[in-house]
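Worksheet: one structure, shown below.
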Amino acid sequence: GEDVEQSLFLSVREGDSSVINCTYTDSSSTYLYWYKQEPGAGLQLLTYIFSNMDMKQDQRLTVLLNKKDKHLSLRIADTQTGDSAIYFCAEKNQGGKLIFGQGTELSVKP
Amino acid sequence: DSGVTQTPKHLITATGQRVTLRCSPRSGDLSVYWYQQSLDQGLQFLIQYYNGEERAKGNILERFSAQQFPDLHSELNLSSLELGDSALYFCASSVGRGGGNNSPLHFGNGTRLTVT
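Line by line, the protein sequences give chains A and B.
Going by the numbering used here, the first residue of the first sequence is number 1, and it counts up by one from there.
Going by the numbering used here, the first residue of the second sequence is number 1001, and it counts up by one from there.
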């Protein structure tokens, strides 16, 4: 079946790097996404990676994909208090359906 | 701002009632998706429309229905409401119909439904 798993909570200090991890089960995934949800808001697309890539960097964000282990991570460099939010990983399968993980709540302490 | 507009922002209603949630997709997007977000179930895909036609169905209850109109806006109808239907309902839109291409979803800010 299709399943996406994330740890529920992560706490870091301002200025440190944050690494949010995600595992998925569907080996036919085409694209994998990271979304950010701030309180009272919708999901904001942060970045995505195509399944035949292993890394993508976008300013402070680095996405790493290990397709063999079906493991995806999002690294946020120099984490700021404004980065505090819930981060969702999502995979798109061959049929185009987007499956979301349960979200990781990132708390950034000053 | 994602460009996806949802109304109303908040809705409080009683059990047994019926409500309609409305979504306007981003300009140029042909697909509309509805998701339900609750504390215990996370983000659950309900249904997708592409250019007026139903494209994919997820965990949508029979008491719920949706449609996409010729101007591409969409409505999600929830009837015979139960306490457990209280949740955030998100609409998202994308350019493509889904499938293997990269057509990311852009989400609205959601409608918070409270059933009392």
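The beta-carbon is built from N, C-alpha and C at its ideal position, and this holds for glycine as well.
Enumerate in chain order the residues of its own chain whose CB-to-CB distance from residue i is below 6 Å, with the five nearest sequence positions on each side excluded.
i	result
residue 54 of chain A	65
The beta strand (DSSP E) with residue i in it runs from where to where?
i	result
residue 1083 of chain B	Looking at the DSSP string, residue 1083 of chain B is not in any beta strand (DSSP E), and its letter there is neither H nor E.
residue 55 of chain A	55–58
residue 63 of chain A	61–66
residue 71 of chain A	71–76
residue 20 of chain A	18–24
residue 13 of chain A	9–13
residue 88 of chain A	85–92
residue 41 of chain A	Counting along the chain, residue 41 of chain A falls outside any beta strand (DSSP E), and DSSP gives it neither H nor E.
Please report the distance separating the alpha-carbon of residue i from that of residue j.
i	j	result
residue 1092 of chain B	residue 1085 of chain B	19 Å
residue 80 of chain A	residue 1017 of chain B	44 Å
residue 85 of chain A	residue 1034 of chain B	22 Å
residue 1030 of chain B	residue 1106 of chain B	12 Å
residue 25 of chain A	residue 3 of chain A	6 Å
residue 1061 of chain B	residue 91 of chain A	23 Å
residue 1038 of chain B	residue 1059 of chain B	13 Å
residue 1066 of chain B	residue 110 of chain A	45 Å
residue 1064 of chain B	residue 1082 of chain B	12 Å
residue 49 of chain A	residue 1104 of chain B	11 Å
residue 62 of chain A	residue 93 of chain A	22 Å
residue 1113 of chain B	residue 44 of chain A	21 Å
residue 34 of chain A	residue 72 of chain A	10 Å
residue 19 of chain A	residue 1027 of chain B	34 Å
residue 1116 of chain B	residue 1045 of chain B	24 Å
For the candidate residues the options, whose alpha-carbon lies nearest to that of residue i?
i	options	result
residue 40 of chain A	B/1115, B/1019, B/1108	B/1108
residue 1087 of chain B	B/1041, B/1068, B/1005	B/1041
residue 82 of chain A	A/74, A/73, A/97, A/108	A/108
residue 1020 of chain B	B/1032, B/1006, B/1026, B/1027	B/1006
residue 15 of chain A	A/99, A/70, A/60, A/69	A/60
residue 89 of chain A	A/18, A/38, A/28, A/23	A/23
residue 1051 of chain B	B/1043, B/1073, B/1045, B/1044	B/1073
Looking only at its own chain, which residues have a Cβ that is under 7 Å from the Cβ of residue i, when we skip the five neighbours before and after it?
i	result
residue 1008 of chain B	1111
* Residue ranges of each beta strand (DSSP E) run of no fewer than 3 residues wholly in the stretch 1002–1058 of chain B, ordered along the chain? -> Restricted to the stretch 1002–1058 of chain B, the beta strand (DSSP E) segments that are unbroken, complete and at least 3 residues in length are 1005–1007, 1010–1013, 1019–1024, 1031–1038, 1042–1050, 1053–1057, listed in chain order.
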